[in-house]
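Colleague:
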Amino acid sequence: MKLNWSIQCSTEERLRNCPAISLPYGKIHELPPGLKCPKLKLLLLLSNDRSLTIPDTFFEGMKQLKVLDLTNIRFSTLPSSLNFLSNLQTLCLDKCELRDIANFGELKKLEVLSFASSDIEELPKEIGELTRLKLLDLSDFYKLKVIPSNVNASLSQLEDLYMKSRFVEWEIDGNVSLGELKHLSHLVTLDIHIQDANILPKDLRFEKLMRYRIFVGDAWHWYGVYETSRTLKLKLNTNIQQFRINMLLERTEDLY
């Protein structure tokens, strides 16, 4: 059905004054070209229909939007009207099928960006322009092969970085290097898997981390539920004392 059960039944006046809209997994097959919601701060659109498309102009009337959650949607390209959301602080694109997602250039106030469980092979270099970003979630990215170099180094305000995925192409063909993590001086949460211990920088500091799940070596998988906030799994062919990661040993709750 069309989006008439909650939007079209509302008067234009109500929409103009509406601060939040939540559409959780409704049977929505079609969206209008746009909504005039100048006071809208939060929009949740959680789809259970992958045939749903978002019109390119859909967000033009929502310039005060601060939180946008688009879950389980297929995108060939992100709507160009996303660039109207200059006040956006949180963007969740979880469980989405994503192809061209380079439309991030104008989201300068973005602080939270999540792609958890999404289908994406290459992270756009434009993410490096989001210098206010505090949380980046790349969890469960099983097709991710490319993270451009210098992306992490540009995100100097990052506090939480989740890379619970199969990404192993560190420093290969222009990909991001682990050394870029040195620039993240505010980082307090880190989920990461480093299959080859030989590429782990010996001077990479970890003492500010409060929460972490760090796997080093090729013997580990992300299966299962981790109930503790500090997990360390190590398979090393060398002395751990030469790596600063040994600073975490005393604080680790689960050690393998």
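In the UniProt record's numbering, the protein residues as written are 1 to 256. The C-beta atom is built at its ideal place from N, Cα and C for all residues, glycine as well.
Given Lys95, which residues of its chain have a CB within under 7 Å of its CB, disregarding the five upstream and five downstream residues?
Modeller: Here the set comprises Thr71, Asn72, Ser117 and Ser118.
Colleague: What is the rounded straight-line gap between the Cα of Leu68 and the Cα of Leu88?
Modeller: Cα to Cα, the separation comes out at about 8 Å.
Colleague: When you compare each of Ser114, Leu232, Pro24 and Leu255 to Leu44 by their alpha carbons, which one comes out closest?
Modeller: The shortest Cα separation from Leu44 among Ser114, Leu232, Pro24 and Leu255 belongs to Pro24.
Colleague: According to the neighbour-count rule (16 or more other Cβ atoms, all chains shown, within 10 Å of its Cβ), is His193 buried or exposed?
Modeller: With 16 or more other Cβ atoms within 10 Å, it is buried.
Colleague: Looking only at its own chain, which residues have a Cβ that is under 6 Å from the Cβ of Met210, when we skip the five neighbours before and after it?
Modeller: Contacts found: Val188.
Colleague: At what residues does the alpha helix (DSSP H) containing Arg14 begin and finish?
Modeller: Unbroken alpha helix (DSSP H) run through Arg14: Glu12 to Arg16.
Colleague: Kindly identify the DSSP beta-bridge partner or partners of Ala20.
Modeller: Beta-bridge pairing links Ala20 to Leu42.
Colleague: Between the C-alpha atoms of Phe215 and Tyr162, what's the straight-line distance to the nearest angstrom?
Modeller: The alpha-carbon atoms of Phe215 and Tyr162 are separated by roughly 13 Å.
Colleague: From Glu12, Glu122, Gln157 and Phe104, pick the residue whose C-alpha is nearest to that of Arg132; which is it?
Modeller: Among Glu12, Glu122, Gln157 and Phe104, the Cα nearest to that of Arg132 is on Gln157.
Colleague: Just the Cα atoms here: how many angstroms apart are Ser177 and Arg205?
Modeller: Computed Cα separation, rounded: 15 Å.
Colleague: Compute the Euclidean distance between the alpha carbons of Arg74 and Asp100, then round it to the nearest angstrom.
Modeller: Each residue's Cα considered, the two are about 11 Å apart.
Colleague: To which residues of the same chain is Thr90 closer than 6 Å at the C-beta, ignoring the five residues directly before and after it?
Modeller: Val67 and Val112.
Colleague: Pop quiz: Pro201 and Gly179 are said to be a contact at Cβ under 8 Å. What is the actual Cβ separation, rounded to whole angstroms?
Modeller: Their Cβ separation, rounded to whole angstroms, is 5 Å, which keeps Pro201 and Gly179 in contact under 8 Å.
Colleague: Pull up the DSSP beta-bridge partners for Cys92, would you.
Modeller: Partner(s): Asp69 and Ser114.
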